[in-house]
Every structure is written in structure tokens, then in C-alpha cells.
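J.:
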Amino acid sequence: MFLFGMSGILYSYRNATFLCPGCFRLTSFLYGNMWVSRTFATYILPLQAAKAHTKISETNTWEQLQDSRKSGNPSHYCFTPLKSRLISSNRIRLATATSALSSNSASVLGDSVELDSPVPPQDAIPPSVSFDWCSSNVEKSKLPLLYLKLAKYKLSAMVVVTALSGYVMAPGSVDLSTLLPCLIGTGFLSSGANALNQVFEVPYDSQMARTKQRVLVRGQLTSLHGALFAILSGAFGFVTLYTCVNPLTASLGALNFLLYTSVYTPLKRTSIVNTWVGSVVGAVPPMMGWTAACAALHPGAWLMGGILYAWQFPHFNALSWNLRPDYSKAGYRMMAVTDPGLCRRVTLRYSFALLAMCSCAPLVDLTTWHFAVDSLPLNVYLIYLGEFENC
């Protein structure tokens, strides 16, 4: 939404000749920043919560988890087919337990998260937990809604909007014969990537309050069902981009799909580098929109991708800061959990980078200097939050 807001300002300045000189700046500023202000209220203002020091203690024993399972509480167990993968993993011993971070990061100084949850032995798998990929008693009439949830339709819609932003900012006129296939293909690729991510993370989603109600965790769809949906959606999106748009856009989409599902997803449990990789994933859609319009990556495309890349850090670091209990319980390596100080420093650095890139927009003929001026207050406020509200 932030990039959409910025693009609203950019697009208005780009088309300033069609507006009367006395009102085009006010119109463009209001049009763009109504979305930017929503982004700050949703994602950036929670950075102020960093002043609070949180200490979490998880004391569930394996016996208590078994009792919870028998009582029918799905938050402590999951239905997953990945038995062999889980047992062979060095990072999690069992999908049905509330796992802690690995021993070298279980205790963090400062704004620390201390976990005492025992990890059950490998042979303690409750016999009633199903690893079947194929059994599901879902009504066919409910499938469309379940597919929408599996695709994370709201997140996919935002990805499509960022692709649209790249398209309208690219040189040339709007051509519906390429714009619509670009948006459709991008949407299906995003939906497939989101679904495959959930297939891989069922054991961990079941341990987080934010994700324990997802359709795969609750057994509303099987893992095989979810995997087939993900593969078919991704394949349809790629074919649509390749045949109806151009090979460059399709290649960017395919690489982003693989980067999200094959690199970012497993990296979340091994290294904080996952945040940098995930930021690349978020930066690619506007570049896809740009290449759909002109079949080339001009400096403006790289700048739009760079703006969204830099924005990912204050956005996600603020989000993960407020979700530290969930992330720590599931064993995710997030900066907010393993190194809160680094989390704050990285947020501040990329807030400055965002200011610099917005100021560079006129230099690549993406817009006029008015955008750099009008975006300045928002970026300064973002820097203020990162510098003074996190002490």
C-alpha cells in the first residue's frame, strides 16, 4: 500500500500537464498520501511498541500438550504429511510440540525472549495425529472460499497493486491487452507461492496464534490439495505472463516464485538473512509491471523496486516486533527475536535509504522534483520513529 501511495503521487506528477497548475500538487498529494497514511497507521506506528520490554516464558510440558491435543485444541498440534522431513530436521523434532529456538539463540540479552518449552523425543508422536495427504471431508461449496484463504487473497491483491504501479509509471501508454494478463499472471503466481509456503509451514503455523486458524492447519484442506493448488496456480500465472505479456516478465515472476518458496521460506528458520531475501521478493512485482509495459528494465524500474525493497524493513521489522512471542515459539529466526538492537538499527538505516531513493526519483525522469519535496515529511517521520521511538 505504501508503494501504491507513492505511485499515486508519482503518477499525478507525471501527468501534471493535464491538471490546472493551481491544483495538481494538492490533488496528487491527497490521492497518494491517503494510502501512505494508512500504511503508517497499520505498520509503522507499531514501532512505538519497541519501548516496552517483553519477557515471555513458555512452560508447557509434553504431557500438557498431549492433554491439549485430546481436548481438541488445534493450536498445539497439526495435520501434516511431512513426517520424515520433520524427524530428519535439526531445527524441529516434532510438529505437534511447542518448540523453542535452538540452544544458541534461546536466550537473548536486552529485550530478550526466554523459552523453557521441552522438545519431545522423536518417538513420542501421538498415534492419532494424521500424516495423510489425501483425506479431507470438505464440502465442495466451501472450496472457493478455502482457495481464497489459501492464496492469501488480500496479500496477493496488494502484490497485484504494486505490479499495476510499475505498469502505469513505465514509459508509454496503457494497453489493456498486456495490462490485464500482467495483473492476472502476477496474481496467480503470488497465490501459488503463498499456498506452497503454507504447505511447507503447517507444523510451525500450528504453533502461532496468528496462523493457527489457516485452512491447512485446521485440516480443512489436505497438504496434497494445497500443493496441487499452488503448483497449478503458479504454472497458470507463468504461462499467462509468457504467452500474453513477454518472456522477461514471466522470467521475473518465475524467479520470484522460486525465491519465495525455495529460499525465503526455509531460511526463516535458519538465519535472519531471510528478511533481506524476503525484501527482494517484495521488490520484484513493480519491476514486473514495468517490464510488462515496455519489455525492458530501465533505471525507473530499478528505483521503484528499490523503494519497495527499502520499505520492507521498517514495515516487517515493526510487524515482527509485535509478534515476537509467536515467532519465538515457532522457532523463527527474526531480528526482533534474536537481536532486537540490530532490528532497530536496520530499520533506521533503510528509513534513510527510503528518503534517499525518493529524492532520486527526478534524476531518472520518473517524476518531477515535487515528489521529492512532498514525500519528505513522511520519510522524516519514519526516520523519527526509527531513531527516537525505539530507545
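The sequence shown maps to residues 14 to 404 in the numbering used here.
For glycine and all other residues, C-beta sits at the position ideal for the given N, C-alpha and C.
Since the structure is predicted, the reported quantities are computational estimates derived from the model, not experimental observations.
1) Starting from the N-terminal side, write out each stretch of the alpha helix (DSSP H) that is 4 residues or longer and does not extend beyond the stretch 287-334.
2) According to DSSP, is Val173 part of a helix, a strand, or is it coil?
3) Measuring CB atoms only, is the stretch 164-180 touching the stretch 276-285, in the sense that at least three cross pairs come out at less than 8 Å?
4) Leaving out five residues before and five after Val350 in sequence, what residues of the same chain have Cβ atoms less than 6 Å from its Cβ?
5) Considering only C-alpha positions, which residue in the set Ala343, Ser186, Arg357, Gln233 is nearest to Leu156?
6) Spell out a yes or no on whether the stretch 309-325 and the stretch 367-375 are touching, meaning 3 or more CB-CB pairs, one atom from each, closer than 8 Å.
7) Using C-beta distances below 6 Å, list every residue in its chain close to Ser388, excluding the 5 sequence neighbours before and after it, in chain order.
8) Between the C-alpha atoms of Val151 and Tyr166, what's the straight-line distance to the nearest angstrom?
9) How many Å lie between Asp218 and Val359 at the Cα?
10) Which term fits Trp382, buried or exposed, when burial requires 16 or more other beta carbons within 10 angstroms of its beta carbon?
11) Can you give me the Cβ contacts of Ala343 inside the same chain, cut-off strictly under 6 Å, excluding the 5 residues immediately before and after it?
12) In the DSSP assignment, the alpha helix (DSSP H) including Lys342 goes from what residue to what residue?
13) Can you confirm whether the stretch 249-263 touches the stretch 223-241 when touching is taken to mean that 3 or more C-beta pairs between the two stretches lie within less than 8 Å?
14) Using the beta-carbon count (16 or more within 10 Å), is Pro312 buried or exposed?
15) Secondary structure at Asp188, three-state DSSP: helix, strand or coil?
16) If we count the other Cβ atoms within 10 Å of its Cβ and call it buried at 16 or more, is Asp352 buried or exposed?
17) Is the beta carbon of Thr288 less than 9 Å from the beta carbon of Asn210?
18) Return the Cβ separation of Leu395 and Pro327 in integer angstroms, given the expectation that the two are a contact with Cβ distance under 8 Å.
19) To the nearest angstrom, how far is it from the Cα of Ser364 to the Cα of Ser204?
20) So which of Val276, Gly399, Leu355, Phe201 has the shortest CA-CA distance to Phe213?
21) Could you give the residue range of the alpha helix (DSSP H) that holds Glu252?
22) Can you list, in chain order, the residues of its chain with a C-beta nearer than 6 Å to that of Met348? Leave out the 5 residues immediately preceding and following it.
23) Taking the CB atoms as reference points, tell me whether Gln325 and Gly302 lie closer together than 9 Å.
24) Please classify Ser219: does DSSP put it in a helix, a strand, or coil?
25) Does DSSP classify Ser284 as helix, strand or coil?
26) Just the Cα atoms here: how many angstroms apart are Leu271 and Phe201?
27) Decide if Cys229 is buried, meaning its Cβ has at least 16 other Cβ atoms within 10 Å, or exposed.
28) Just to confirm before moving on: does the CB-CB distance between Ala374 and Ala323 stay below 9 Å?
29) Measuring straight from C-alpha to C-alpha, what distance separates Met182 and Ala314?
30) Quick one: complete alpha helix (DSSP H) runs, 4+ long, within the stretch 341-382?
31) Let me know the secondary structure DSSP gives Glu214 once reduced to three states.
32) Whose CA, out of Asn330, Val386, Phe249, Thr256, lies closest to the CA of Ala398?
33) What would DSSP say about Thr262, mapped onto helix, strand or coil?
34) One question on the structure: do Ser236 and Val252 come within less than 9 Å of each other, judged by their Cβ atoms?
35) Compare the Cα-Cα distances from Asn269 to each of Ala308, Thr224, Gly198, Asp188 and report the closest residue.
T.: Inspection of the coordinates gives the following:
1) 287-307
2) Start at 1 with the first residue of the sequence shown, and residue 173 comes out as number 160. Residue state, collapsed to three classes: helix.
3) no
4) In the sequence shown, residue 350 corresponds to position 337, counting from 1. Only Val126, Arg337, Tyr340, Ser341 meet the Cβ criterion.
5) Taking the sequence shown and counting its residues from 1, one reaches residue 156 at position 143. Ranking Ala343, Ser186, Arg357, Gln233 by Cα distance to Leu156 puts Gln233 first.
6) yes
7) Counting from one through the sequence shown, the residue named residue 388 turns up at place 375. Only Cys371 meet the Cβ criterion.
8) Numbered from its first residue, the sequence shown carries residue 151 at position 138. Numbered from its first residue, the sequence shown carries residue 166 at position 153. One C-alpha to the other measures close to 20 Å.
9) Locating residue 218 in the sequence shown gives position 205, counting from the first residue. Locating residue 359 in the sequence shown gives position 346, counting from the first residue. Approximately 26 Å, taken between the alpha carbons.
10) Against the sequence shown, residue 382 aligns to sequence position 369. Flag for Trp382 reads exposed.
11) In the sequence shown, residue 343 corresponds to position 330, counting from 1. These residues qualify, in order along the chain: Tyr217, Gln220, Met221.
12) Your numbering for residue 342 matches position 329 in the sequence shown. Run containing Lys342: 337-343, per the alpha helix (DSSP H) assignment.
13) no
14) Counting from 1 along the sequence shown, the entry for residue 312 is found at position 299. It counts as exposed.
15) Locating residue 188 in the sequence shown gives position 175, counting from the first residue. Asp188: coil per DSSP, three-state reduction.
16) Against the sequence shown, residue 352 aligns to sequence position 339. Answer is buried; the Cβ neighbour count reaches 16.
17) Along the sequence shown, one-based indexing puts residue 288 at 275. Along the sequence shown, one-based indexing puts residue 210 at 197. No, they are not a contact pair.
18) To locate residue 395, count along the sequence shown from 1; it is residue 382. To locate residue 327, count along the sequence shown from 1; it is residue 314. Yes, they are in contact, since the Cβ atoms of Leu395 and Pro327 sit about 6 Å apart, within 8 Å.
19) In the sequence shown, residue 364 corresponds to position 351, counting from 1. In the sequence shown, residue 204 corresponds to position 191, counting from 1. So the alpha carbons of these two residues sit roughly 29 Å apart.
20) As a first step, residue 213 must be located in the sequence shown, where it is residue number 200. Out of Val276, Gly399, Leu355, Phe201, Val276 has the C-alpha closest to the C-alpha of Phe213.
21) Within the sequence shown, residue 252 is the residue found at index 239, counting from 1. For the record, residue 252 in the displayed sequence is Val; it is not Glu. From DSSP, the alpha helix (DSSP H) with Val252 extends over 236-257.
22) By 1-based counting over the sequence shown, the position of residue 348 is 335. Result list for Met348: Ile285, Leu355, Cys356, in chain order.
23) Mapped onto the sequence shown, residue 325 falls at position 312. Mapped onto the sequence shown, residue 302 falls at position 289. Taking 9 Å as the Cβ cut-off, Gln325 and Gly302 do not qualify as a contacting pair.
24) By 1-based counting over the sequence shown, the position of residue 219 is 206. Three-state result, Ser219: coil.
25) Sequence index remark: in the sequence shown, residue 284 carries index 271 (1-based). Coil, per DSSP.
26) Stepping through the sequence shown from its first residue, residue 271 is reached at position 258. Stepping through the sequence shown from its first residue, residue 201 is reached at position 188. Near 14 Å, if we compare the C-alpha coordinates of Phe201 and Leu271.
27) Taking the first residue of the sequence shown as 1, we reach residue 229 at position 216. Checking the sequence, you will find Leu at residue 229 rather than Cys. That one is buried.
28) Your numbering for residue 374 matches position 361 in the sequence shown. Your numbering for residue 323 matches position 310 in the sequence shown. For Ala374 and Ala323, no; Cβs fall outside 9 Å.
29) As a first step, residue 182 must be located in the sequence shown, where it is residue number 169. As a first step, residue 314 must be located in the sequence shown, where it is residue number 301. Cα-Cα distance, rounded: 9 Å.
30) 348-351, 353-373
31) Residue mapping note: residue 214 aligns to position 201 of the sequence shown, counting from 1. Glu214 falls in the coil class under three-state DSSP.
32) As a first step, residue 398 is located in the sequence shown; it is residue number 385 there, counting from the start. First, the amino acid is wrong: residue 398 is Leu here, not Ala. Closest by alpha carbon: Asn330.
33) Here residue 262 refers to the residue found at position 249 of the sequence shown. Three-state result, Thr262: helix.
34) On the sequence shown, residue 236 is found 223 positions in, with the first residue counted as 1. On the sequence shown, residue 252 is found 239 positions in, with the first residue counted as 1. Going by C-beta atoms, Ser236 is not nearer than 9 Å to Val252.
35) Your numbering for residue 269 matches position 256 in the sequence shown. Asn269 has its Cα closest to that of Gly198, out of Ala308, Thr224, Gly198, Asp188.
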